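**Student:**
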Amino acid sequence: MPDLRDCLTDLGFTDVQTVLRSGNAVFSADAEPDEAAIEAALASRTGLRTRCLVRTGPQLQAVIDGHPFRDIADNGSRMQAIFLEANPDPAVAAEHDPVALDPDRIRVGDHVVYQWCPDGISKAPNVIALLDRKWKLVGTARNWNTVTKLADLVAQRPTA
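For the sequence shown, UniProt numbering puts the final residue at 160, and the numbers step up evenly by one.
(1) Can you give me the Cβ contacts of Leu137 inside the same chain, cut-off strictly under 8 Å, excluding the 5 residues immediately before and after it?
(2) Does DSSP put Asn75 in a helix, in a strand, or in coil?
(3) Bridge partners of Arg142, per DSSP?
(4) First and last residue of the alpha helix (DSSP H) that includes Arg45?
(5) I need the straight-line Cα distance from residue 177 to Asp104, nearest angstrom please.
(6) With which residues is Thr18 paired in a DSSP beta bridge?
(7) Measuring CA to CA, which of Val99, Ser122, Asp30 is closest to Asn143?
(8) According to DSSP, what are the bridge partners of Val113?
(9) May I ask which residues mark the beginning and end of the alpha helix (DSSP H) holding Thr56?
(10) Can you give the Cα-Cα distance for Arg157 and Leu60, rounded to whole angstroms?
(11) Terminal residues of the continuous alpha helix (DSSP H) containing Ile128?
(12) Are the beta-carbon atoms belonging to Gln115 and Ala93 less than 9 Å from one another?
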């Protein structure tokens with residue numbers, strides 16, 4: 001996490017704060033962050049290639065506001081948001097709909113797939129594998145506790 005924090009600071013982002021030990025960071029930026037530039041800087045610094053997905057405060061809040069399982073998902077560690085690099089091609093999404101894996105517990109939103117896993121994430125259908133294989137999209141999952149912690153940290157930041 002120090003490498004991530006230092007890398008983001010070196011790229012000119014300010015107020016950089018890493019969250020947990022899961023590759024999450026909150027930071028301020030004067031312009032829209034370039035995900036590819038962050039990926040390249042991390043690869044240069046660490047020797048590891050990893051995909052980076054960036055969400056603005058309003059985009060993160062939209063994910064929270066769109067939570068389709070808020071009435072039943074009573075444990076944030078068993079609820080996850082799978083953030084997507086892009087929305088899928090509609091034809092591909094229709095042919096390979098992740099909701100079909102578990103119709104009562106999976107919903108697709110804008111750049112996100114919501115998954116309620118009442119029996120635990122390890123026992124739930126592997127949505128990320130479907131997104132990778134069939135949708136050809138990068139997705140990264142965060143449990144709901146992490147999503148709301150990130151949103152809280154963003155909300156605490158001063159606005160310009």
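Each residue gets a CB set at the ideal place from its N, CA and C atoms; glycine is no exception. Given the structure is predicted, the values throughout are model-derived calculations rather than measurements.
**Tutor:** The relevant details are as follows:
(1) Non-local C-beta neighbours of Leu137 in its own chain, meaning closer than 8 Å and more than five positions away in sequence, comprise Leu84, Glu85, Ala86, Pro88, Leu131, ordered along the chain.
(2) Here Asn75 sits in coil by DSSP.
(3) Looking at the DSSP assignment, Arg142 forms a beta bridge with Ala81.
(4) 35–46
(5) For residue 177 there is no data in the structure shown, the boundaries of the chain being 1 and 160.
(6) Ala25
(7) Ser122
(8) As DSSP reads the structure, Val113 sits in a beta bridge with Ile82, Val108.
(9) Here Thr56 belongs to no alpha helix (DSSP H), and DSSP marks it neither H nor E.
(10) 14 Å
(11) Per DSSP, the unbroken alpha helix (DSSP H) holding Ile128 starts and ends at 127–130.
(12) no
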